Amino acid sequence: MKLLIIEDSSPLRRSLVVGFNNLGITTDEASNGTDGLSLALNTPYDIIILDLMLPGIDGMEILKQLRQSALQTRVIILSANSQHQDRINGLLQGADDYLTKPFSFDELHARVIAISRRGIINNFSNTITINGFTLDSNTMSLRYEEININLTPNEFKIIDYLFNHSNQVMSTAMISDNIANNFDYISKNTIEAHISTIRKKIKSHPITATFPLKNKRGFGYYIEN
């Protein structure tokens, strides 16, 4: 996972960078809105942690420009303003979460993990190839060389989520959270049935390579890369 932290308070910014780095999470940082917006628009990040009160360009304007540019990178707003309307405005502008200062690092980390479970949005790459299998998010297709493997929308969402989080074990609950619509619930049995069908579809083709979908018993599924 890679984060961008846009925060003008040097002590807070550095403490967040150190905290996430100690957890094995890669971070970039910016101390003002101008640099932060430039990084956000030109570098792929999984989540942006965004202060609202920034020199140069304020956080709300950064968020507005990100969404206008069609970037859908997850954003957590940090703000000293706890007014209810400000929280609503931030969420309506496209933020995924809103955390008021002061806050604990553990709470911020928990929110980062919770948001990552919704699925990380890849704005910069439309195809991913692993072990000869290419996933194309533009055409919502999976292929091996010239062979197209026809997937249903939910089957594609499962593989898309796992490909974008290769080598990370994802529970069926995490997969369900990612592929379900807002008011739907997809059971563990349904997820497992989809995965079984995906494997059968791949085996029905003359493909010599092994599809890198693995199961860690009792924990979940992952794409080995």
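In our numbering, the protein residues as written are 1 to 225. All residues carry an ideal CB built from backbone N, CA and C; glycine is no exception. From a predicted model like this one, the values you see are computed outputs, not experimental measurements.
Item, Value
"Beta-carbon proximity list for residue 82, same chain, < 8 Å, skipping 5 on both sides", "100"
"DSSP bridge partner residues for residue 30 (one or two, in chain order)", "6"
"Three-state secondary structure assigned by DSSP to residue 148", "strand"
"Reference residue 137, options 127, 69, 222, closest by Cα", "127"
"Segment contact flag, the segment 33 to 45 with the segment 9 to 23, C-beta cutoff 8 Å, min 3 pairs", "no"
"Proximity winner among 109, 205, 115, 6, relative to residue 60 (alpha-carbon distances)", "6"
"Span separating the alpha-carbon of residue 109 from that of residue 22", "12 Å"
"Sub-8 Å separation of residue 213 and residue 162 beta-carbons", "yes"
"For residue 214, three-class secondary structure by DSSP", "strand"
"Residue span of the alpha helix (DSSP H) that contains residue 90, given as start and end", "84 to 92"
"When 55, 28, 201 are compared against residue 43, the one with the closest alpha-carbon", "28"
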